[in-house]
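Following: one structure in structure tokens, then a few remarks.
There are 2 protein chains.
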Amino acid sequence: MNAADFPSKPRIAIVGTGALGCYYGARLAKAGEDVHFLARSGRAALVARGLRVRTPTERIHVRRIPVYASAAEIGPCDLVVVALKATTNDALRSVLPPLLGENTVVLTLQNGLGVEEPLAEAAGAGRVVGAICFIASVRTAPGVIHCTFPGLMEIGEFGRPAQARTRRIAALFQKAGVSAAVHDNLEARRWHKLVWNVPFNGLAIAAGGISTDVIMADEGLRTLARRLMEEIVEAAAKFGHAIPRSFIDLQFERTAKIGGYRPSSLIDFEAGRDVEVEEIWGEPVRRARKIGAAVPRLEMLYALIKRLLGNRDAKRRRR
Amino acid sequence: MNAADFPSKPRIAIVGTGALGCYYGARLAKAGEDVHFLARSGRAALVARGLRVRTPTERIHVRRIPVYASAAEIGPCDLVVVALKATTNDALRSVLPPLLGENTVVLTLQNGLGVEEPLAEAAGAGRVVGAICFIASVRTAPGVIHCTFPGLMEIGEFGRPAQARTRRIAALFQKAGVSAAVHDNLEARRWHKLVWNVPFNGLAIAAGGISTDVIMADEGLRTLARRLMEEIVEAAAKFGHAIPRSFIDLQFERTAKIGGYRPSSLIDFEAGRDVEVEEIWGEPVRRARKIGAAVPRLEMLYALIKRLLGNRDAKRRRR
Numbered sequence: 004m005n006a007a008d009f010p011s012k013p014r015i016a017i018v019g020t021g022a023l024g025c026y027y028g029a030r031l032a033k034a035g036e037d038v039h040f041l042a043r044s045g046r047a048a049l050v051a052r053g054l055r056v057r058t059p060t061e062r063i064h065v066r067r068i069p070v071y072a073s074a075a076e077i078g079p080c081d082l083v084v085v086a087l088k089a090t091t092n093d094a095l096r097s098v099l100p101p102l103l104g105e106n107t108v109v110l111t112l113q114n115g116l117g118v119e120e121p122l123a124e125a126a127g128a129g130r131v132v133g134a135i136c137f138i139a140s141v142r143t144a145p146g147v148i149h150c151t152f153p154g155l156m157e158i159g160e161f162g163r164p165a166q167a168r169t170r171r172i173a174a175l176f177q178k179a180g181v182s183a184a185v186h187d188n189l190e191a192r193r194w195h196k197l198v199w200n201v202p203f204n205g206l207a208i209a210a211g212g213i214s215t216d217v218i219m220a221d222e223g224l225r226t227l228a229r230r231l232m233e234e235i236v237e238a239a240a241k242f243g244h245a246i247p248r249s250f251i252d253l254q255f256e257r258t259a260k261i262g263g264y265r266p267s268s269l270i271d272f273e274a275g276r277d278v279e280v281e282e283i284w285g286e287p288v289r290r291a292r293k294i295g296a297a298v299p300r301l302e303m304l305y306a307l308i309k310r311l312l313g314n315r316d317a318k319r320r321r322r
Numbered sequence: 004m005n006a007a008d009f010p011s012k013p014r015i016a017i018v019g020t021g022a023l024g025c026y027y028g029a030r031l032a033k034a035g036e037d038v039h040f041l042a043r044s045g046r047a048a049l050v051a052r053g054l055r056v057r058t059p060t061e062r063i064h065v066r067r068i069p070v071y072a073s074a075a076e077i078g079p080c081d082l083v084v085v086a087l088k089a090t091t092n093d094a095l096r097s098v099l100p101p102l103l104g105e106n107t108v109v110l111t112l113q114n115g116l117g118v119e120e121p122l123a124e125a126a127g128a129g130r131v132v133g134a135i136c137f138i139a140s141v142r143t144a145p146g147v148i149h150c151t152f153p154g155l156m157e158i159g160e161f162g163r164p165a166q167a168r169t170r171r172i173a174a175l176f177q178k179a180g181v182s183a184a185v186h187d188n189l190e191a192r193r194w195h196k197l198v199w200n201v202p203f204n205g206l207a208i209a210a211g212g213i214s215t216d217v218i219m220a221d222e223g224l225r226t227l228a229r230r231l232m233e234e235i236v237e238a239a240a241k242f243g244h245a246i247p248r249s250f251i252d253l254q255f256e257r258t259a260k261i262g263g264y265r266p267s268s269l270i271d272f273e274a275g276r277d278v279e280v281e282e283i284w285g286e287p288v289r290r291a292r293k294i295g296a297a298v299p300r301l302e303m304l305y306a307l308i309k310r311l312l313g314n315r316d317a318k319r320r321r322r
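Protein chains in written order, with our numbering: chain A, 4 to 322; chain B, 4 to 322.
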């Protein structure tokens, strides 16, 4: 596919109307793009009230948005933005096909490792592009998004360097006010993101529901966070992704500055929602094992979080 | 000191009237020994109603027991049985001296590593004997003990092989109906006990308050328990304590049989009581580090349990 195949005015489907789907969808719609939303729930509210996004510097209100209950109603698009949690990827096998045309690109905003593979299976590897989103945003009601940190987006192709279409997609988001950077090695960027996510999302849950400042102030946990980062860096290195040690120091410097931040996995855990336990902890463990990298602490964290999730869900079922 | 120095009818002080102090004290008193109890609380009930012990096969009632509020009232004894948790060992600096005569033996029933050292400091190393108690017993009210598994007691000298007095003390307990075995290497026995205690007491707390059957049924946690045991065995080996790998298998066979057991540390954790976090996890970590043994999972478990205890106590203070 050459750049010309990705149209200048693409038809865009946003699959999922959680915090990410609404945030990026609202920005694209406000920028005049042709955006169509697939919503599992809360459709009436989205139709009646549109989207409202509040950021530290802006208020965006999109009054009318096209909302659909099924992919078939939307039909083929040029760009499908997958903004559902990776824990729902099984459902995408039936959701994606009606959205696919000859040159449709499927862009996943999902977190962690191994999120492109199910999309590649469902839609074909050549269509898949990934975006790693550094953003803090919550949905406070259907279509109402509070974004405290708009951050940035790293975009790359699944299993190959950036293409002309990758740059076009990034430009599309940039035009909509999103800081979007194109990368040649998406997989390497995903390992970079794990360096923070594995310890801080993980210990926030495993150490009893604590925020990042508590981890930083606890000598045992702070050291443990560093050891977990080192395990990730060493496993990534075995896959050829060189992450400098200084990147670890940088994570601590940044985390010290954000104060008492509650990682998204902890918020999901406590709200009884799905947690991307396989994508953030399970898949890195499996890949490290496969390549012979020792990740004892990561393995332990994975086992503990899985059990804590199991306990939570068992308790909920007993109610 | 030769065997003759340990009298055939010793004056015995029991320091602490929790489950262990009451259980062994009741047995010794029922056997006609000269037992004196030092109680921090619940004295009136102990004086009024004595001790009641229920085991799977027996009911023991000791109607009248001498209970004291201070060590000075008891005065010098031949045997001082320390049945307080190791977390209270600071207090023993003032409790022990009035109980010591020329040849007094101080026998600690405490759990974990490093429990003899504070007693050696407070009373002199030559006096200190340790007993590792394999027992399941709870105090349901002051002086009322429910023992579901009387188990056995392993007795050894602090830092030297068994002496004549060690065997005399074991005989004293045996006469009172306690299975007591004498060992030449107390330290090695303590490492043996850690092989079970570290993973099962630890994961029961760290994985969200679960019983042993849940750990056994969870593949990730069961594997993790085995890795923790291997870390303990390898660290112990560096100290010259050879623990065969078959000992690990034996732990799993036994644990499979006891069903849904809630380890004592978990019960203490949930009841808001002190947990022997330094003796069971902290001290093994420090010793392993000192001798250059890698114990990444044990270190992680220690950090998590310390934080979970800290969270618990912080929450209690806020109430």
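In this text, a Cβ means the ideal position worked out from N, Cα and C, and glycines have one as well.
Query raised in the report: Taking only beta-carbon atoms, is A/D252 less than 9 Å away from chain B?
Result: Start at 1 with the first residue of the first sequence, and residue 252 of chain A comes out as number 249. It does not: the Cβ of A/D252 has no partner Cβ on chain B nearer than 9 Å.
Query raised in the report: Residues in its own chain within less than 6 Å of B/H39 by CB, not counting five upstream and five downstream?
Result: Counting from one through the second sequence, the residue named residue 39 of chain B turns up at place 36. The answer, listed in chain order, is A16, P69, I77.
**Report entry** Unbroken alpha helix (DSSP H) run spanning A/E124, endpoints
**Finding:** In the first sequence, the residue the question calls residue 124 of chain A occupies position 121. 119-126 is the extent of the alpha helix (DSSP H) around A/E124.
**Report entry** Host alpha helix (DSSP H) of A/G24 (start-end)
**Finding:** Counted from its first residue, the first sequence places residue 24 of chain A at position 21. Here the alpha helix (DSSP H) through A/G24 covers 22-33.
**Report entry** A/G223 versus B/K318: straight-line alpha-carbon distance, rounded
**Finding:** Within the first sequence, numbered from 1, the residue matching residue 223 of chain A stands at position 220. Within the second sequence, numbered from 1, the residue matching residue 318 of chain B stands at position 315. Taking the straight line from one Cα to the other gives about 20 Å.
Query - Distance between beta carbons of A/H244 and A/W194, contact taken as under 8 Å - result: Locating residue 194 of chain A in the first sequence gives position 191, where the first residue counts as 1. Locating residue 244 of chain A in the first sequence gives position 241, where the first residue counts as 1. Yes, they are in contact, since the Cβ atoms of A/W194 and A/H244 sit about 5 Å apart, within 8 Å.
Query raised in the report: From B/A48 to B/K293, what does the alpha carbon distance come to, in whole angstroms?
Result: Here residue 48 of chain B is taken as the residue at index 45 of the second sequence, counted from 1. Here residue 293 of chain B is taken as the residue at index 290 of the second sequence, counted from 1. Approximately 47 Å, taken between the alpha carbons.
Query raised in the report: Should the region 174-182 of chain B be called in touch with the region 27-35 of chain B, which here means at least 3 C-beta pairs below 8 Å?
Result: yes
Query - B/V298 in three-state terms, based on DSSP - result: Residue numbering aside, residue 298 of chain B sits at position 295 when the second sequence is read from its first letter. Coil, per DSSP.
**Report entry** Straight-line Cα distance separating A/E105 from A/A75
**Finding:** As a first step, residue 75 of chain A is located in the first sequence; it is residue number 72 there, counting from the start. As a first step, residue 105 of chain A is located in the first sequence; it is residue number 102 there, counting from the start. Distance between the alpha carbons of A/A75 and A/E105: 16 Å.
Query - chain A within 9 Å of B/T226, Cβ atoms only - result: Your numbering for residue 226 of chain B matches position 223 in the second sequence. Yes, contact with chain A.
Query raised in the report: Along the region 229-246 of chain B, what residues have a CB closer than 8 Å to any CB found in chain A?
Result: R230
Requested in this report: With 7 Å as the C-beta to C-beta threshold (strictly closer), list the residues of the region 143-174 of chain B near chain A in chain order.
Outcome: none
Report task. Please classify B/F176: does DSSP put it in a helix, a strand, or coil? Result -> In the second sequence, the residue the question calls residue 176 of chain B occupies position 173. Helix, per DSSP.
Requested in this report: Would you list the one or two residues that DSSP bridges to B/Y305?
Outcome: Here residue 305 of chain B refers to the residue found at position 302 of the second sequence. DSSP lists no partner for B/Y305.
Query raised in the report: Using a beta-carbon distance below 9 Å, is B/R321 in contact with chain A?
Result: Within the second sequence, residue 321 of chain B is the residue found at index 318, counting from 1. Closer than 9 Å: no.
Query raised in the report: Could one say the Cβ of B/P299 lies closer than 9 Å to chain A's Cβ atoms, at least one of them?
Result: Within the second sequence, numbered from 1, the residue matching residue 299 of chain B stands at position 296. At least one chain A Cβ lies under 9 Å of B/P299.
Requested in this report: Enumerate, from N- to C-terminal direction, the unbroken alpha helix (DSSP H) stretches of 4 or more residues contained entirely within the region 151-233 of chain B.
Outcome: 167-178, 189-209, 215-220
Query raised in the report: Which word fits B/T60, buried or exposed, when buried means at least 16 other C-beta atoms lie within 10 angstroms of its C-beta?
Result: Working through the second sequence from its first residue, we reach residue 60 of chain B at position 57. Per the 10 Å Cβ criterion, exposed.
Requested in this report: Would you decide whether B/G323 is buried or exposed? Buried here means 16 or more other CB atoms lie within 10 Å of its CB.
Outcome: No information on residue 323 of chain B is available, as it lies outside the stretch 4 to 322 that chain B covers here.
Report task. Would you tell me roughly how many angstroms separate the C-alpha atoms of B/N114 and A/M219, rounded to the nearest one? Result -> Numbered from 1 along the second sequence, position 111 holds the residue referred to as residue 114 of chain B. Numbered from 1 along the first sequence, position 216 holds the residue referred to as residue 219 of chain A. Cα-Cα distance, rounded: 31 Å.
**Report entry** CB contact below 9 Å: B/R248 versus chain A
**Finding:** Here residue 248 of chain B refers to the residue found at position 245 when the second sequence is read from its first residue. With 9 Å as the cut-off, B/R248 does not count as an interface residue toward chain A.
Requested in this report: Taking 8 Å as the threshold, find out whether the region 227-245 of chain A comes into contact with the region 195-204 of chain A through three or more Cβ pairs.
Outcome: yes
Requested in this report: Please name the residue, chosen from B/R300, B/R229, B/E233, B/F203, that lies closest to B/S267 on a Cα-to-Cα basis.
Outcome: On the second sequence, residue 267 of chain B is found 264 positions in, with the first residue counted as 1. It is B/F203.
**Report entry** Same chain, Cβ closer than 8 Å to B/L312, neighbours up to 5 away in sequence not counted
**Finding:** Position 309 of the second sequence, counted from the first residue, corresponds to residue 312 of chain B. The answer, listed in chain order, is F272, V278, V280.
Query raised in the report: What residues from the region 302-319 of chain A come within 9 Å of chain B, judged by C-beta to C-beta, listed N to C?
Result: E302, M303, L304, Y305, A306, L307, K309, R310, L311, G313, N314, R315
Report task. For chain B, find out if any of its Cβ atoms is closer than 9 Å to the Cβ of A/D37; answer yes or no. Result -> By one-based count along the first sequence, residue 37 of chain A stands at place 34. Taking Cβ atoms only, chain B never reaches closer than 9 Å to A/D37, which makes this a no.
Requested in this report: Identify which residue in B/I213, B/V108, B/V185 has its Cα closest to the Cα of B/V84.
Outcome: Here the question's residue 84 of chain B lines up with position 81 in the second sequence. That would be B/V108, whose Cα lies nearest to the Cα of B/V84.
Requested in this report: Could you confirm whether any beta carbon from chain B is found closer than 9 Å to the beta carbon of A/V278?
Outcome: Counting from 1 along the first sequence, the entry for residue 278 of chain A is found at position 275. A/V278 does not count as touching chain B.
Query raised in the report: Who are the Cβ neighbours of A/P10 in its own chain at under 8 Å, not counting the five residues just before and after it?
Result: For the purposes of this step, residue 10 of chain A is identified with residue 7 of the first sequence, where counting begins at 1. Within the same chain, A/P10 has close Cβ partners D81.
Query raised in the report: Quick one: which chain A residues come within Cβ less than 7 Å of B/G211?
Result: To locate residue 211 of chain B, count along the second sequence from 1; it is residue 208. Ordered by position in chain A, the residues that pass the 7 Å Cβ test against B/G211 are R310, L311, N314.
**Report entry** B/V323 at chain A interface by Cβ criterion, 9 Å
**Finding:** This structure cannot speak to residue 323 of chain B, because chain B is shown only from 4 to 322.
Report task. Name the one or two DSSP bridge partners that B/S140 has. Result -> Numbered from 1 along the second sequence, position 137 holds the residue referred to as residue 140 of chain B. B/C150.
Query raised in the report: Can you give the beta carbon distance from B/Y26 to B/S140, rounded, assuming they're within the 8 Å contact cut?
Result: As a working mapping, residue 26 of chain B is identified with position 23 in the second sequence. As a working mapping, residue 140 of chain B is identified with position 137 in the second sequence. B/Y26 to B/S140, Cβ: 5 Å. Contact.
Query raised in the report: Cβ atoms of A/G19 and A/L87: under 9 Å apart, would you say?
Result: On the first sequence, position 84 is the one that residue 87 of chain A refers to. On the first sequence, position 16 is the one that residue 19 of chain A refers to. The answer is yes: Cβ separation under 9 Å.
Query - Residues that B/D8 contacts on chain A, provided the C-beta gap is smaller than 9 Å - result: If you number the second sequence from 1, residue 8 of chain B lands on position 5. Chain A residues near B/D8: none, gap ~45 Å exceeds 9 Å.
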